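As structure tokens, the structure follows; a few thoughts come after it.
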Amino acid sequence: MSINATLIGQMITFALLVWFTMTYIWPPLLNSLEERKKKIADGLAAAEKGREDMDLAQKKAKNVLKDAKSQSSEIVSLAQKRANEIVEESKDNAKKEGDRLILAAKAQIEQEIQQTKENLRREVAALAVSAAEQILSAEIDQNRHQELVNKISNKL
Amino acid sequence: MATEAHAAEGATGYIVHHLTPLSAGEGFWTLHLDTLFFSALLGGLFILFFKTAAERATSEVPGLVQNFAEMMIEFVDNQVKDSFHGKSKLIAPLALTIFCWVFLFNFMDLFPVDLLPSIGSVMFVPYLKVVPSTDLNATFAMSISVFSLIIFYSIKIKGPWGFAKELLFQPFGPWLLPFNLLLKLVEEIAKPISLALRLFGNLYAGELIFILIALLPSYLQPVLSFPWAVFHILIITLQAFIFMVLTIVYLSMAHEDH
């Protein structure tokens, strides 16, 4: 149980082990640890950024949707207004057309009445002349009486 | 379960046989071949494992070997960061080496006491001490190396004059100079001695108890050696941890300028 040259041998072994560990083992392993740490941190940061982007996009989409909704309702109300206008316009037109048609019909009726009156007058005159002719043919000079009849028919 | 050759010498012979190292040479130039062999073998295992891990090291998903190696690295790194606040390329790898090497030394204690010596005796090796940390040479080799580093860093960081001032003028000021020196010398020299003897004492005692248990009747042995082995798992880890932490603490003290 004495201290002897083994001590020196052990110290050499120990020094070699420490040197080897220091040179070839510690740095690469620590590097890989650091690298992984960095990778994980980067990944987490990227995930965070992704989530923020998504939030932003969602907000944007919501805004766009809101805009679209308000625009569409505006368009619908505009269209309704226009439709009402068109209906009113067509009602007006129809009324005007109807009035015009009625007026035309009335005028035609008036004209036909006048025509009929004229015809009637002529026929009555002709009848009266023929009747008078027949009544008076025997005794009255046709030329004198014709003048008289014309006078009467003009008065009608 | 004394071997045949020592049955005649009884229990004392058995114990002495187990505690005798395989040596070569005379006087100071004696070499404990078993200590040298097993510590080199265990050091080789340690290097092999961590070198494999270091070669395969990637920042991708780690495999089993890399995972374990990284766990150890992080554990040691945290210990170093906790007590050492300077920057040093040496201290963390040194701590890792100490922890793993001492742990593997101590782990040899968990092999059945007669297993490897029996195999050795078949191969014409008369004596075999399988636990390097029950050899004072092994523990002192580490603690003296650490002590040299303490002295080296003390002088490097504080300068020769700064280190001398610390030895001479602390803790009681310049008027009690001899007393200061004596106190400081004792304090410094106590570091390697306590480091080495603590580890040696614990493992030597543990080994001795395993040997004593092995002397008992065979039906008693499992009942005693199993709990002792379980308890020993704690001790060997704890001793390796203590050695490592104290090394870190001593070296960080050497780095601190008062």
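If you're matching them up, the sequences are chains A and B in order.
So the mapping is simple: the numbering used here equals the position in the first sequence, first residue as 1, plus 16.
So the mapping is simple: the numbering used here equals the position in the second sequence, first residue as 1, plus 916.
The beta-carbon is built from N, C-alpha and C at its ideal position, and this holds for glycine as well.
Since the model is a prediction, treat every value here as computed from it, not as a measurement.
Residue i in three-state terms, based on DSSP
| i | result |
| --- | --- |
| Leu-1162 of chain B | helix |
| Ser-1168 of chain B | helix |
| Ala-940 of chain B | strand |
| His-1148 of chain B | helix |
| Leu-1092 of chain B | helix |
| Leu-947 of chain B | strand |
| Ser-93 of chain A | helix |
| Ser-18 of chain A | coil |
| Leu-117 of chain A | helix |
| Pro-1076 of chain B | helix |
| Thr-968 of chain B | helix |
| Ala-973 of chain B | coil |
| Tyr-40 of chain A | helix |
| Pro-978 of chain B | coil |
| Ser-48 of chain A | helix |
| Leu-1140 of chain B | helix |
| Ser-1134 of chain B | coil |
| Gln-1086 of chain B | coil |
| Leu-1115 of chain B | helix |
| Leu-935 of chain B | helix |
| Leu-172 of chain A | coil |
Residue-chain proximity (residue i, chain B), Cβ-Cβ < 8 Å
| i | result |
| --- | --- |
| Met-70 of chain A | no |
| Asn-79 of chain A | no |
| Gly-25 of chain A | yes |
| Leu-60 of chain A | no |
| Ala-57 of chain A | no |
| Ser-48 of chain A | yes |
| Arg-52 of chain A | yes |
| Ala-21 of chain A | yes |
| Ala-63 of chain A | no |
| Phe-36 of chain A | yes |
| Ala-73 of chain A | no |
Sequence-distant residues of the same chain with beta carbon closer than 6 Å to residue i, five excluded per side
| i | result |
| --- | --- |
| Met-988 of chain B | none |
| Gly-25 of chain A | none |
| Lys-167 of chain A | none |
| Asn-135 of chain A | none |
| Ile-1066 of chain B | Tyr-1166, Ala-1170 |
| Trp-1091 of chain B | none |
Whole-angstrom C-beta distance between residue j and residue i, which should lie under 8 Å
| i | j | result |
| --- | --- | --- |
| Phe-1159 of chain B | Val-1018 of chain B | 5 Å |
| Tyr-1043 of chain B | Thr-936 of chain B | 5 Å |
| Thr-968 of chain B | Val-977 of chain B | That pair is no contact at about 17 Å. |
| Asn-20 of chain A | Asn-1118 of chain B | With a Cβ gap of about 22 Å, Asn-20 of chain A and Asn-1118 of chain B do not count as contacting. |
| Ala-1011 of chain B | Ile-1105 of chain B | Actually they are not in contact, since the Cβ atoms of Ala-1011 of chain B and Ile-1105 of chain B sit about 22 Å apart, beyond 8 Å. |
| Trp-1144 of chain B | Ile-1125 of chain B | 6 Å |
| Ala-1156 of chain B | Phe-1015 of chain B | 5 Å |
| Thr-29 of chain A | Thr-1013 of chain B | Not confirmed; about 11 Å, so no contact. |
| Phe-1056 of chain B | Leu-33 of chain A | Between Leu-33 of chain A and Phe-1056 of chain B the Cβ distance is about 16 Å, and since that is not below 8 Å, they are no contact. |
| Leu-1140 of chain B | Leu-1132 of chain B | 7 Å |
| Tyr-1069 of chain B | Ala-985 of chain B | Actually they are not in contact, since the Cβ atoms of Tyr-1069 of chain B and Ala-985 of chain B sit about 27 Å apart, beyond 8 Å. |
| Ala-148 of chain A | His-161 of chain A | 7 Å |
| Glu-1082 of chain B | Lys-1072 of chain B | Actually they are not in contact, since the Cβ atoms of Glu-1082 of chain B and Lys-1072 of chain B sit about 14 Å apart, beyond 8 Å. |
| Ile-41 of chain A | Pro-1009 of chain B | 7 Å |
| Tyr-1135 of chain B | Thr-1050 of chain B | Contact doesn't hold; Cβ gap of about 27 Å is too wide. |
| Val-1029 of chain B | His-934 of chain B | 7 Å |
| Leu-45 of chain A | Ala-970 of chain B | 5 Å |
| Leu-172 of chain A | Arg-137 of chain A | 5 Å |
| Asn-1022 of chain B | Ile-1152 of chain B | 3 Å |
Chain A within 8 Å of residue i, Cβ atoms only
| i | result |
| --- | --- |
| Asp-1051 of chain B | yes |
| Pro-1033 of chain B | no |
| Ser-955 of chain B | yes |
| Ala-1080 of chain B | no |
| Ala-985 of chain B | yes |
| Leu-1124 of chain B | no |
| Glu-1172 of chain B | no |
| Ala-924 of chain B | With a pLDDT of only 49 at Ala-924 of chain B, under 50, the local geometry of the prediction cannot be trusted, and the value read off the model is given with reservation. With 8 Å as the cut-off, Ala-924 of chain B does not count as an interface residue toward chain A. |
| Leu-1020 of chain B | no |
| Pro-1009 of chain B | yes |
| Ala-1130 of chain B | no |
| His-948 of chain B | yes |
| Phe-1056 of chain B | yes |
Proximal residues to residue i (C-beta, below 7 Å), its chain only, five neighbours per side dropped
| i | result |
| --- | --- |
| Leu-947 of chain B | Ser-939, Ala-940, Gly-941 |
| Lys-1007 of chain B | A quick correction: the sequence has Ile, not Lys, at residue 1007 of chain B. Hits under 7 Å: Val-996, Phe-1000, Ile-1164, Leu-1167. |
| Gly-959 of chain B | Trp-1017 |
| Phe-954 of chain B | Met-1024, Val-1046, Pro-1048 |
| Phe-1063 of chain B | Lys-1107, Pro-1108 |
| Leu-1020 of chain B | Leu-958, Leu-961, Phe-962 |
Contacting residues, own chain, Cβ-Cβ under 8 Å from residue i (five flanking each side not counted)
| i | result |
| --- | --- |
| Ile-1149 of chain B | Leu-1026 |
| Ile-1060 of chain B | Pro-1108, Ala-1112 |
| Ala-924 of chain B | Low per-residue confidence applies at Ala-924 of chain B: pLDDT is 49, beneath 50, and the placement is therefore not dependable enough to give any value. |
Kindly provide the ranges of any alpha helix (DSSP H) runs that are 4 or more residues long and lie completely inside the region 992-1057 of chain B, ordered along the chain. 1007-1023, 1031-1038
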